[in-house]
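Numbering (the working numbering), first residue to last: 42 to 577. For reference, the structure is listed below as structure tokens.
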């Protein structure tokens, strides 16, 4: 049993801190098995949810004709939150610059632009009719101009397009204190007979994070009756993704930012595709337009940060886009607590330290039992050694005698592992929160290394550039190990000697905020162990 305890402790530690980012990625992707199961179920009801190469194929006309921004007039909508630049040729969005968020922590770093020139030929905020990109093929006009909105103000920008015998009337409404853009689209049939066709609202963007960033991947997300689904595998996105209605919203997303389409009706199909590193979404609907009777459809766009306050004001339960993985239910309260402490400290690093102290106090009774159990085990080690020696050739008898020894002295050999089990969810939850919370993006703790002008812990969501905190954390683990009763098994003792080294290397690439949490937790544990040893 003692060997099982050793194995449990070692395997648990290694599994948690080596394999955990494989088992628990920053955001849970939608599994292809889930998609296939959904496909099978819906196919039986004559409604398909499939991934196939033809679901969102580019049309011949789009391959031949390219969007020429010079054809249209530039129209700028500016609010305290963003600056949006539209092209009157179809109402295409050329830039959407977030005023409160920069690309890096450098003082002169440019602001985040969610739309770049590379995405223009994919028609961000464009309309597709029967697979024809109207921003390329239709003739457009507008009656609006540049507008600067203050908080509380709104403004509507109108675009009118003509594509054969079809007129498109677009009305985009902006708000001075929101990242939402609401669209009302009217399709007018100028012929004397009904017209059948498919239209699509479009949104497109390049990747929202650096290429191959495993901790912050650009991904496609959507929310339906089964909850949140995400897909970040590029090989799965290149053929195309098609989800039948009802879909509450679809989005291009990263850990921190979101470009979302929220349908105004429940019968719209969600499509997505990755092509030449451009992510493209569509909300599509088949519609019949009677002669001279406008057909009206609406949707809401959200382009901005994954901020809970902003998302909660959007329709379609868009705040569900904020998800911190397997331990989301723990991570969200932790973020709320951190934000509460931040109001008073003005520093998220200090807020993390306060949170660590509170967590340690909550786990104090369990830690006391753990240390007590370890001290009891230490006293039993001479007797355990004799049993191992006596029954070294009879493994079963050895385990029976060890179990009898534990029972006689009322010792739980696994008691020392309990606090670690309990703290694992908190550890994972805080990790996910530090990687995914927009509040902690570029949040500084100690901006410069003391007595130097070298930038140090200026971003708690990034690793320590000088590896100072991971090294100190490893040292505290070594001190903890020295204060902990030595294992009775020499092999176990040797294995445990390597644990601080392994942990140190693992933590080198973790967010510095998480390292600070673990470092402070170790220091508090050392203090608690010292106090326990002094009492005993």
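Virtual Cβ for every residue (Gly too), placed ideally from N, Cα, C. All values reported here derive from a predicted model rather than from experimental measurement.
For the beta strand (DSSP E) containing residue i, name the first residue and the last one.
| i | result |
| --- | --- |
| residue 294 | 288 to 294 |
| residue 262 | 260 to 265 |
| residue 31 | No answer is possible for residue 31: the residues shown for the chain start at 42 and end at 577. |
| residue 276 | Careful: residue 276 lies outside any beta strand (DSSP E), inside the alpha helix (DSSP H) at 275 to 278. |
| residue 169 | 168 to 170 |
| residue 153 | 152 to 154 |
| residue 433 | Residue 433 -> no beta strand (DSSP E), and no H or E assigned at all. |
| residue 451 | Counting along the chain, residue 451 falls outside any beta strand (DSSP E), and DSSP gives it neither H nor E. |
| residue 123 | 123 to 128 |
| residue 268 | 268 to 272 |
| residue 284 | 282 to 284 |
So who's on the other strand from residue i, going by DSSP bridges?
| i | result |
| --- | --- |
| residue 351 | Beta-bridge pairing links residue 351 to no other residue. |
| residue 508 | Its beta-bridge partners do not exist; DSSP assigns none. |
| residue 236 | 330 |
| residue 323 | 243, 312 |
| residue 341 | 223, 303 |
| residue 585 | Since the first and last residues shown for the chain are 42 and 577, residue 585 lies out of range. |
| residue 472 | Its beta-bridge partners do not exist; DSSP assigns none. |
| residue 117 | 126 |
| residue 143 | 152 |
| residue 346 | 298 |
| residue 498 | 487 |
Consider the C-beta atom of residue i and the heavy atoms of the ligand ATP; say whether any pair is separated by less than 6 Å.
| i | result |
| --- | --- |
| residue 418 | Inclusion of the ligand ATP in the displayed structure is not the case, the ligand content being empty and no account of it being possible. |
Would the beta-carbon of residue i fall within 7 Å of that of residue j?
| i | j | result |
| --- | --- | --- |
| residue 249 | residue 295 | yes |
| residue 343 | residue 355 | yes |
| residue 315 | residue 275 | yes |
| residue 363 | residue 347 | yes |
| residue 263 | residue 291 | yes |
| residue 212 | residue 232 | no |
| residue 181 | residue 164 | no |
| residue 247 | residue 217 | no |
| residue 561 | residue 394 | yes |
| residue 357 | residue 303 | yes |
| residue 392 | residue 404 | no |
| residue 153 | residue 134 | no |
| residue 117 | residue 187 | yes |
| residue 229 | residue 335 | yes |
| residue 488 | residue 478 | no |
| residue 474 | residue 372 | yes |
| residue 30 | residue 241 | Residue coverage of the chain in this structure runs from 42 to 577, which leaves residue 30 outside it and unanswerable. |
| residue 183 | residue 129 | yes |
Helix, strand or coil: which one does DSSP assign to residue i?
| i | result |
| --- | --- |
| residue 159 | helix |
| residue 441 | helix |
| residue 182 | strand |
| residue 385 | helix |
| residue 380 | helix |
| residue 493 | coil |
| residue 91 | Confidence at residue 91 is low in this model, with a pLDDT of 32, below 50, so its placement is unreliable and the value that follows should be read with caution. Here residue 91 sits in strand by DSSP. |
| residue 190 | coil |
| residue 336 | strand |
| residue 570 | helix |
| residue 212 | strand |
| residue 249 | coil |
| residue 231 | coil |
| residue 137 | strand |
| residue 298 | strand |
| residue 407 | helix |
| residue 207 | strand |
| residue 174 | strand |
| residue 541 | helix |
| residue 549 | coil |
| residue 358 | coil |
| residue 255 | coil |
Since residue i and residue j should fall inside the 8 Å C-beta cutoff, what is the C-beta to C-beta distance between them, to a whole number of angstroms?
| i | j | result |
| --- | --- | --- |
| residue 245 | residue 160 | 5 Å |
| residue 418 | residue 452 | 6 Å |
| residue 286 | residue 259 | Not confirmed; about 25 Å, so no contact. |
| residue 132 | residue 200 | 4 Å |
| residue 509 | residue 567 | Residue 509 to residue 567, Cβ: 19 Å. No contact. |
| residue 516 | residue 552 | That pair is no contact at about 20 Å. |
| residue 289 | residue 265 | 6 Å |
| residue 563 | residue 514 | 6 Å |
Step through the CB atoms of chain B and report whether any lies within less than 7 Å of the CB of residue i.
| i | result |
| --- | --- |
| residue 283 | Reference to chain B is not applicable here, since this structure consists of a single protein chain. |
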